[in-house]
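When you line the sequence shown up against our numbering, it's residues 5 to 354, in that order.
Yeah, the Cβ is synthetic: ideal placement off N, Cα and C, and Gly gets one too.
Please read these numbers as outputs of a predicted model, since none were measured by experiment.
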Amino acid sequence: MTKRDADQPLEFDDLEPLPEDAELAELPDDLEPEAKPAPEIVAKPIPAPVARPAPAPVAKPAPTPTPAPKPDPPSAPAAKAAPTAAAPAPGAVRAASGSRRERMEKDREARGTNTKKAPTWVRFEGPGEKPTREMEAAPGLLHKAALWLLIGCVLPWGGWTADWMGNVGEKLLILAGLYTWHQAHLLRDGLKVPGFITSLGKKNFIPLFVAAAALLLLGFVPLLSFESLSADFKANSGPLAEKGFMILAGLTLTHIYDYSHGGRFNPMFPIMFLAPALAGVMALLKVVGRGEIGIGEILGAAGAILVTVAGSMAAYTMYVALKEAKRHGEAKKAAQVEARKAARVSRRES
């Protein structure tokens, strides 16, 4: 044992010594483990669920009613005409008429209120209905030119043929076709038309347009004036020109009616009037060069003058239309510039 081990206390030095006369119990041969009592399992009480109070319903605020827009006060002429105006039957006005009215209102706002040059004679009034658009200068001139051309084509300015009765019958067929065509447009817009037109186009407008086209074709083809079928085409081309220009005049009148009810102006119609202007000048020179004075020459000269005037007016219509288009374009451009300026000012202020 080293010195270090002697200095350290032993493990059992602190125990008290046993007395010598102490009696110790003998240990059993087979040692049995001491029985330990089973641990008691105590069940923890489960807490009862606590009922939470239901949240009180929150009343939603009632929506504030939006004020109804006030109707525009009717103008004085419209207020006077209200008692006498006949309202169209419900369901007669088609959906297309509504879109036309919307286009008409937008077009009126874009064009402004400049109606200084609008002629007062261009009025398409249905039964109890006022015109929906004031005519401008170009459509008004074209309408007047179409009227003069229609009257001039009734006269035999293309040449007085021997079978003039057949030519008159064909022109009557053309007039019937133009009338049916125009009445079909009136019925489409919900206006009052004759009974047979209404019954024919009650369910669909296509039969009316087909019937009008058939009448125009039968009138244009020389089925009654047999002289037009001869080999001498130069002598018989005049009646064909009369009937063709008559169809052009009638279709132009219907086109102006559509424009007055919200349609768009087609510049091809005044361009097509250049042909009647040239034909009228040639027919007038032919009548003057013949050197004869008779009923045929007088009627031919009158018709040629009317056709020439109508074509010249339509040619002037193109110039007026271009001038108006330029003016509208400049006004639109100025409005766009002002809108940009206002937008820049609003951005700076914000």
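Please classify residue i: is it buried, with 16 or more other beta-carbons within 10 angstroms of its beta-carbon, or exposed?
| i | result |
| --- | --- |
| residue 140 | buried |
| residue 199 | exposed |
| residue 23 | exposed |
| residue 294 | exposed |
| residue 18 | exposed |
| residue 68 | exposed |
| residue 192 | buried |
| residue 30 | exposed |
Just verifying my parser: in three-state terms, what is the DSSP assignment at residue i?
| i | result |
| --- | --- |
| residue 262 | helix |
| residue 313 | helix |
| residue 172 | helix |
| residue 120 | Confidence at residue 120 is low in this model, with a pLDDT of 41, below 50, so its placement is unreliable and the value that follows should be read with caution. Residue 120 falls in the coil class under three-state DSSP. |
| residue 269 | coil |
| residue 68 | coil |
| residue 324 | helix |
| residue 160 | coil |
| residue 336 | helix |
| residue 48 | coil |
| residue 299 | helix |
Taking residue i and residue j to be in contact with their CB atoms under 8 Å, please state how far apart those CB atoms are, rounded to whole angstroms.
| i | j | result |
| --- | --- | --- |
| residue 161 | residue 307 | 3 Å |
| residue 142 | residue 325 | 4 Å |
| residue 178 | residue 250 | 5 Å |
| residue 311 | residue 153 | 6 Å |
| residue 148 | residue 286 | Residue 148 to residue 286, Cβ: 23 Å. No contact. |
| residue 309 | residue 288 | 7 Å |
Could you check the C-alpha separation between residue i and residue j for me, to the nearest Å?
| i | j | result |
| --- | --- | --- |
| residue 330 | residue 197 | 39 Å |
| residue 339 | residue 302 | 55 Å |
| residue 101 | residue 328 | With a pLDDT of only 47 at residue 101, under 50, the local geometry of the prediction cannot be trusted, and the value read off the model is given with reservation. Rounded to whole angstroms, residue 101 to residue 328 spans 26 Å at the Cα level. |
| residue 126 | residue 352 | Caution applies to residue 126, whose pLDDT of 38 falls short of 50 and renders its modelled position unreliable; the value that the coordinates give is listed next. Spanning the two alpha carbons is a distance of roughly 49 Å. |
| residue 259 | residue 337 | 29 Å |
| residue 332 | residue 273 | 21 Å |
| residue 62 | residue 344 | 48 Å |
| residue 347 | residue 106 | 27 Å |
### Task
Indicate whether the contact test is met: 3 or more Cβ pairs, each with one atom in the stretch 202-212 and one in the stretch 244-258, closer than 8 Å.
no
### Query
Contact between the stretch 212-226 and the stretch 184-195: three or more CB pairs below 8 Å?
yes
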